[in-house]
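*Asks:* Residue numbers (this note's numbering): 25 to 316. Handing you this structure, nothing more for now.
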Amino acid sequence: MRVAVTGANGHLGRRLLNRLAAAGHAPIAIVRSESAAGQVRSAASEAAVHVTSYADTDGLAQALAGADAAVHLVGIIREMPGTSFEDAHVAATQALLSAARTADLRHIIYYSLLGADARSRNRCLATRGVAEDLFIQSGIDTTVFRVGMVLGEGDYATASLAARAVRSVNFAWRAGSLEQPIDAADLIEATIHRLESPLPGVHDIAGPESMPRAELIRRVARLRGRSTRVVSLPIGVALGIADLLGWLMASPPVSRAMLEVLDHDDQVDVARVEQALGITLTPVADTLERVI
25 MRVAVTGANG HLGRRLLNRL AAAGHAPIAI VRSESAAGQV RSAASEAAVH
75 VTSYADTDGL AQALAGADAA VHLVGIIREM PGTSFEDAHV AATQALLSAA
125 RTADLRHIIY YSLLGADARS RNRCLATRGV AEDLFIQSGI DTTVFRVGMV
175 LGEGDYATAS LAARAVRSVN FAWRAGSLEQ PIDAADLIEA TIHRLESPLP
225 GVHDIAGPES MPRAELIRRV ARLRGRSTRV VSLPIGVALG IADLLGWLMA
275 SPPVSRAMLE VLDHDDQVDV ARVEQALGIT LTPVADTLER VI
């Protein structure tokens with residue numbers, strides 16, 4: 025099977041390209057810059073690489089020519105100058121679907137976010153929800169994975185947890201916020217499985233255990249042979265700071281939308297997750313021991 029992966033230069037994208045090749049499929053990486061293409065070529069040498077804007081329907085159609093399926097990884101949780109949530113989620117989805125029809129693509133897997141809903145007041149989650157609706161209503165078989173925290177070797181979330189593990193005191197916005205991390209390897213295996221055995225529809229995806237953020241931080245600290253005290257700070261204060269930064273800066277490091285996404289309580293039925301993914305989830309303890 026020839027499988028195109030958009031946003032293929034990220035941690036998950038590069039892992040997926042290599043796993044596709046190992047499973048006997050022909051991976052096609054679609055990225056939007058030559059620097060991203062270089063990242064892919066150095067990490068996943070068996071992938072064909074195409075450079076195009078995610079809004080360029082013709083460029084996407086050329087990249088998808090001959091492909092059987094696509095995995096759409098494009099998405100942001102923070103807007104940047106020149107890239108809005110509408111650009112990254114809605115316009116990119118519309119362009120991909122137009123190109124997919126031209127290429128006669130049979131199946132798409134879309135990585136969305138837990139909490140995505142076109143009716144949400146949060147623009148990140150709302151535009152993700154609009155993208156989901158576009159895929160589901162497109163007439164192309166689409167599997168939507170709404171994903172929360174993903175932990176894998178060398179990724180941002182894992183590095184952030186590892187950094188927290190060595191601190192004697194950790195300050196966290198609403199430390200009782202529920203996290204349900206999934207092993208990156210599980211998500212990749214599930215993606216391969218659902219490419220080979222499609223299950224169209226929208227599926228909430230998370231790991232096997234939901235826990236407060238404070239508990240996750242303490243577990244990681246214990247793995248490092250450390251102990252840490254987690255101090256919870258009011259999320260309202262963080263949102264106020266984000267609003268102020270948005271008023272003062274053209275490109276603030278955090279935004280209200282980003283913080284609200286990260287503050288989402290993840291509590292997903294594990295049996296439904298395993299049914300949707302077609303795999304048995306790796307215990308959180310095993311994941312942490314491997315990646316931290």
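Even glycine gets a Cβ: it sits at the ideal position worked out from N, Cα and C. Note that this is a predicted model, so its numbers are computed, not measured.
On the DSSP bridge assignment, give the partners of ASN194 in chain order.
*Replies:* According to DSSP, ASN194 bridges with VAL254.
*Asks:* Straight-line CA distance for HIS35 to GLY178?
*Replies:* The alpha-carbon atoms of HIS35 and GLY178 are separated by roughly 8 angstroms.
*Asks:* Based on the DSSP output, what are the partners of ARG26 in its beta bridges?
*Replies:* ARG26 pairs with ALA50.
*Asks:* For a test of your reading of the model: does the CB of ARG280 fall under 6 angstroms from any non-hydrogen atom of the ligand NAP? Yes or no.
*Replies:* This structure simply doesn't include the ligand NAP, nor any ligand for that matter.
*Asks:* Going by other Cβ atoms of all chains shown within 10 Å of its Cβ, with 16 needed for buried, is ARG1 buried or exposed?
*Replies:* A question about residue 1 goes unanswered here, because the residues of the chain that appear run from 25 up to 316.
*Asks:* Using a Cβ-Cβ cutoff of less than 8 angstroms, which residues in the same chain neighbour ARG38 once the five nearest sequence positions on both sides are dropped?
*Replies:* Here the set comprises ALA32, GLN63, VAL64, ALA67, ALA68.
*Asks:* On the DSSP bridge list, what partners appear for MET235?
*Replies:* For MET235, which the question treats as bridged, DSSP gives the partners GLU203.
*Asks:* Enumerate in chain order the residues of its own chain whose CB-to-CB distance from ALA140 is below 7 angstroms, with the five nearest sequence positions on each side excluded.
*Replies:* For ALA140, where only same-chain residues beyond five positions count, the Cβ hits under 7 angstroms are LEU149, ARG152, GLY153, GLU156, ARG170.
*Asks:* Give me the residue from ILE206, ASP310, PRO277 with the minimum Cα distance to ASP293.
*Replies:* Per the Cα distances, ILE206.
*Asks:* Tell me whether the beta-carbon of LEU305 lies closer than 7 angstroms to the beta-carbon of GLU298.
*Replies:* In this structure, GLU298 lies closer than 7 angstroms to LEU305 by Cβ.
*Asks:* Classify LEU137 as helix, strand or coil using the three-state DSSP reduction.
*Replies:* It is a strand residue.
*Asks:* Report the option in ALA274, SER57, PHE195, THR76 whose CA atom is closest to the CA atom of ARG237.
*Replies:* Nearest of ALA274, SER57, PHE195, THR76 to ARG237, Cα basis: PHE195.
*Asks:* Where does the unbroken alpha helix (DSSP H) through ALA295 begin, and where does it stop?
*Replies:* Its alpha helix (DSSP H) spans residues 294–301.
*Asks:* Mind checking whether LEU158 and THR107 have CB atoms under 7 angstroms apart?
*Replies:* The answer is no: Cβ separation not under 7 angstroms.
*Asks:* Pull up the CB-CB distance for ALA28 and ASP80, whole angstroms please, since I reckon it's below 8 angstroms.
*Replies:* In fact, because the Cβ distance is near 14 angstroms, the residues do not count as touching under 8 angstroms.
*Asks:* Tell me where the alpha helix (DSSP H) around ILE212 begins and ends.
*Replies:* Where ILE212 is concerned, the enclosing alpha helix (DSSP H) stretches over 208–220.
*Asks:* Could you tell me how far apart the beta carbons of ILE229 and LEU301 are, in whole angstroms, since I believe they sit closer than 8 angstroms?
*Replies:* Sure, about 7 angstroms apart at Cβ, within 8 angstroms.
*Asks:* Apart from the five residues on each side of it in sequence, which residues of its chain come closer than 8 angstroms, Cβ to Cβ, to PRO307?
*Replies:* Result list for PRO307: PRO232, GLU233, in chain order.
*Asks:* With LEU40 and VAL75 assumed to form a contact (beta carbons below 8 angstroms), what rounded beta-carbon distance in angstroms separates them?
*Replies:* LEU40 to VAL75, Cβ: 18 angstroms. No contact.
*Asks:* In the DSSP assignment, the beta strand (DSSP E) including ARG170 goes from what residue to what residue?
*Replies:* Run containing ARG170: 165–171, per the beta strand (DSSP E) assignment.
*Asks:* What is the rounded straight-line gap between the Cα of SER122 and the Cα of ILE164?
*Replies:* Their Cα atoms are separated by approximately 11 angstroms.
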